[in-house]
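Below, the structure written as structure tokens:
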């Protein structure tokens, strides 16, 4: 695996963690009634984006050997 590919994979993995962290924080704060104005669809979209980036990170690591 080349250096740039490893760096990209590390960035994608970090991005998944950040998006999941934001999603969980919003979900918990919405549950406590602090962020009640955020619709549940936004939380679902954030979760789907994190999953998509995680899949992209996995594919980049296993299939794309540049």
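Residue numbers (the working numbering): 3 to 68. Don't be surprised by glycine CBs; every beta carbon is placed ideally from N, CA and C.
- Query: What residues in its chain sit with their C-beta under 7 Å from that of residue 24, if we drop five residues either side in the sequence?
  - Reply: 48
- Query: Residue range of the alpha helix (DSSP H) that residue 35 falls in?
  - Reply: Here residue 35 belongs to no alpha helix (DSSP H), and DSSP marks it neither H nor E.
- Task: Measure how close the beta-carbons of residue 28 and residue 37 come, nearest whole angstrom, since I'm counting them as under 8 Å.
- Result: 6 Å
- Ordered along the chain, which non-local residues of its own chain (more than five positions away) have a Cβ less than 6 Å from that of residue 15? 59
- Query: So residue 52 packs on residue 22, CB below 8 Å; how close in whole Å?
  - Reply: 5 Å
- Determine the DSSP secondary structure at residue 40, reduced to helix, strand or coil. coil
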